[in-house]
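Counting in my numbering, the sequence shown runs from 302 upward without gaps.
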Amino acid sequence: MIAKFQEELPLYSVPSSNEAQQVDLLAYIPKITEGVSDINSRGWTNHETKIVNKITVVGSGDLGIACTTAISAKGIADKLLLLDLSDGTNQGMMDLDIFNLPNVEISKDLSASAHSKVVIFTANSLGGSESYLHSVQSNVDMFRALVLALGHYSQHAVLLVASQPVEIMSYMTWKLSTFPANRVIGIGCNLDSQRLQYIITNVFKAQTPGKEVWVIGEQGENKGVHGVAVMG
Numbered sequence: 302m303i304a305k306f307q308e309e310l311p312l313y314s315v316p317s318s319n320e321a322q323q324v325d326l327l328a329y330i331p332k333i334t335e336g337v338s339d340i341n342s343r344g345w346t347n348h349e350t351k352i353v354n355k356i357t358v359v360g361s362g363d364l365g366i367a368c369t370t371a372i373s374a375k376g377i378a379d380k381l382l383l384l385d386l387s388d389g390t391n392q393g394m395m396d397l398d399i400f401n402l403p404n405v406e407i408s409k410d411l412s413a414s415a416h417s418k419v420v421i422f423t424a425n426s427l428g429g430s431e432s433y434l435h436s437v438q439s440n441v442d443m444f445r446a447l448v449l450a451l452g453h454y455s456q457h458a459v460l461l462v463a464s465q466p467v468e469i470m471s472y473m474t475w476k477l478s479t480f481p482a483n484r485v486i487g488i489g490c491n492l493d494s495q496r497l498q499y500i501i502t503n504v505f506k507a508q509t510p511g512k513e514v515w516v517i518g519e520q521g522e523n524k525g526v527h528g529v530a531v532m533g
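Structure, rendered in structure tokens:
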């Protein structure tokens, strides 16, 4: 499988199992090739000067909702956009509407992400009933439309990939976007490291700080622990 991804992007070999949910995304491709699509180019330029720090979160699942809530709470964005790729309204989306978070916009229009400083990918099409390879292909099919469109609208953004499997999806995002490697970042095992460090420091009460222990390797069964912690 690794050789297949390294030789050629697997965009055409297997149709997506969630094709019905991706029709709207794929419909943007013809528009992108024709120009700026749904937004006026002059207004788009003026919009860029007004938004100092804009962040887009792609995907309205649990991870997308958590990212949106955390970013809003920290106040690190002048404008925060949550791109909802789902067909209906889930409970997390309803919670965001209820709390009416400041500077947060919820949209299904990819062009609303224009001139984002950071684009965070949390969307997944992985299903428990699918094989690993078929699940990866479904995600790649979805990312083909997403990365092309979002890269077009935010050509100077940093792309942060949290979609699983994060190593493969980060590589796909880098190749599809043609962005410099230093502007496409995968989260790797950072979240696992933070969880482990918290457990060591606060649950096991280790004598050495949990910050000295890291989870490394591929996200999934092949990851391991690097570092030493002395338990009290």
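Glycine included, each C-beta is placed from N, C-alpha and C at the ideal position.
These numbers were taken from a predicted model, which means no experiment stands behind them.
Simplified DSSP assignment, three categories, for Met406: The count along the sequence shown starts at 1 and reaches residue 406 at position 105. Here the sequence assigns Glu to residue 406, which means Met is not the residue at that position. Note: Glu406 maps to strand in three-state DSSP.
Per DSSP, what kind of secondary structure is Val514 in: helix, strand or coil? Residue mapping note: residue 514 aligns to position 213 of the sequence shown, counting from 1. It is coil, neither helix nor strand.
First through last residue of the beta strand (DSSP E) which encompasses Thr357: Position 56 of the sequence shown, counted from the first residue, corresponds to residue 357. Counting along the chain, the beta strand (DSSP E) containing Thr357 begins and ends at 355–359.
Given a cut-off of 7 Å on the beta-carbon distance, is the pair Thr423 and Ala463 in contact? The residue labelled residue 423 in the question sits at position 122 within the sequence shown. The residue labelled residue 463 in the question sits at position 162 within the sequence shown. A contact, by the Cβ cut-off of 7 Å.
Buried versus exposed call for Thr357 [16 or more other C-beta atoms within 10 Å across all chains shown]: Against the sequence shown, residue 357 aligns to sequence position 56. Result: buried.
Please name the residue, chosen from Arg445, Ser417, Gly452, Ile366, that lies closest to Ala378 on a Cα-to-Cα basis. In the sequence shown, residue 378 corresponds to position 77, counting from 1. The shortest C-alpha separation from Ala378 is found at Ser417.
My guess is that Leu461 and Phe480 are in contact by the Cβ rule of under 8 Å, so how many angstroms apart are they, rounded? Indexing the sequence shown from 1 puts residue 461 at position 160. Indexing the sequence shown from 1 puts residue 480 at position 179. Not really, about 12 Å apart at Cβ, beyond 8 Å.
Burial state of Glu468, where buried means 16 or more other Cβ atoms lie within 10 Å: Here residue 468 corresponds to residue number 167 of the sequence shown, with the count starting at 1. Its Cβ being crowded by 16 or more others within 10 Å, Glu468 is buried.
According to DSSP, is Lys380 part of a helix, a strand, or is it coil? Taking the first residue of the sequence shown as 1, we reach residue 380 at position 79. If DSSP states are grouped into helix, strand and coil, Lys380 belongs with the strands.
Measuring only the C-alpha atoms, how far is Ile372 from Pro403? Position 71 of the sequence shown, counted from the start, is the residue given in the question as residue 372. Position 102 of the sequence shown, counted from the start, is the residue given in the question as residue 403. About 11 Å.
Cβ atoms of Leu451 and Ser275: under 7 Å apart, would you say? Because residue 275 is not part of the residues shown, which for the chain are 302 to 533, the question remains open.
Which partner residues does Ile486 have in the DSSP bridge list? Residue mapping note: residue 486 aligns to position 185 of the sequence shown, counting from 1. The partner list for Ile486 (beta bridge, DSSP) reads Leu461.
Asp388 and Ser361 - do their beta-carbons sit closer together than 7 Å? The residue you call residue 361 lines up with position 60 of the sequence shown. The residue you call residue 388 lines up with position 87 of the sequence shown. The answer is no: Cβ separation not under 7 Å.
Environment of Asn483 [buried if 16+ CB atoms lie within 10 Å]: Counting from 1 along the sequence shown, the entry for residue 483 is found at position 182. So Asn483 ends up on the exposed side.
Check whether the Cβ atoms of Ser426 and Ser408 sit closer than 7 Å, and answer yes or no. Counting from 1 along the sequence shown, the entry for residue 426 is found at position 125. Counting from 1 along the sequence shown, the entry for residue 408 is found at position 107. No, the Cβ-Cβ distance between Ser426 and Ser408 is not below 7 Å.
Could you give the first and the last residue of the continuous alpha helix (DSSP H) run that contains Asp467? Your numbering for residue 467 matches position 166 in the sequence shown. Here the sequence assigns Val to residue 467, which means Asp is not the residue at that position. Start and end: 467–478.
Which same chain residues end up closer than 7 Å to Trp275 when comparing Cβ atoms and leaving out the 5 residues on each side of it in sequence? Because residue 275 is not part of the residues shown, which for the chain are 302 to 533, the question remains open.
Answer yes or no: do Val448 and Thr474 have a C-beta to C-beta separation smaller than 7 Å? As a first step, residue 448 is located in the sequence shown; it is residue number 147 there, counting from the start. As a first step, residue 474 is located in the sequence shown; it is residue number 173 there, counting from the start. Their beta carbons are under 7 Å apart, which means Val448 touches Thr474 by this criterion.
Restricting to Cα atoms, I'd like to know which of Leu497, Phe505, Val504 is closest to Lys524. As a first step, residue 524 is located in the sequence shown; it is residue number 223 there, counting from the start. Here the closest residue by C-alpha is Leu497.
Terminal residues of the beta strand (DSSP E) in which Gly528 lies: Within the sequence shown, the letter at position 227 stands for residue 528. Here Gly528 belongs to no beta strand (DSSP E), and DSSP marks it neither H nor E.
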